[in-house]
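If you count the sequence shown from 1, position 84 lands on 122 in our numbering, and the numbers rise without skipping. Here's the structure, in structure tokens; my notes come after.
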Amino acid sequence: MGLHHSVYRGYGFEVPATTDFERLDDVLANQPDGERLGRIQHLFLGDFERLFLLAICDQVEPAGFAQVTADDYRRYELPVWNTVLHDTAVRLGHESHPEPSWLVLHDYS
């Protein structure tokens, strides 16, 4: 079995990878304002070693690139994404979490 590389550009933060998988699935499946405010998604890196909650996540194609520009920090969605990310983390039992930020995530599994 070979190793697989994937790279993503997203906005969110890391939560403990020990988060209960069933609870995670339940919380993400039941996002009452998801259609109006945007749906939060999750991404595991490695063999479930790191877990991220993300408001937006785009895969970077092989031999491609992605930019994080000044415009990204002025996106009108940021306040809403911050709120929805926080609410999701709280529902998962993670009241204390890092501030959301733009992330480049390299999965190597």
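The beta-carbon is built from N, C-alpha and C at its ideal position, and this holds for glycine as well.
How big is the Cα-Cα spacing for ARG47 and THR57? Counted from its first residue, the sequence shown places residue 47 at position 9. Counted from its first residue, the sequence shown places residue 57 at position 19. One alpha carbon belongs to ARG47, the other to THR57, and they sit about 22 Å apart.
What residue does the beta strand (DSSP E) around GLY72 start on, and which one ends it? Position 34 of the sequence shown, counted from the first residue, corresponds to residue 72. Unbroken run through GLY72 is the alpha helix (DSSP H), 72 to 75; no beta strand (DSSP E).
Which residue's Cα is closest to the Cα of ARG61: ASP110, ASP145 and ARG129? Here residue 61 refers to the residue found at position 23 when the sequence shown is read from its first residue. The residue with the shortest Cα to Cα distance from ARG61 is ARG129.
Considering only C-alpha positions, which residue in the set ALA67, LEU41 and TYR49 is nearest to TRP119? Mapped onto the sequence shown, residue 119 falls at position 81. Taking only the C-alpha atoms, the option nearest TRP119 is TYR49.
Quick check on ALA152: does DSSP put it in helix, strand or coil? What is shown of the chain runs 39 to 147, which leaves residue 152 out entirely.
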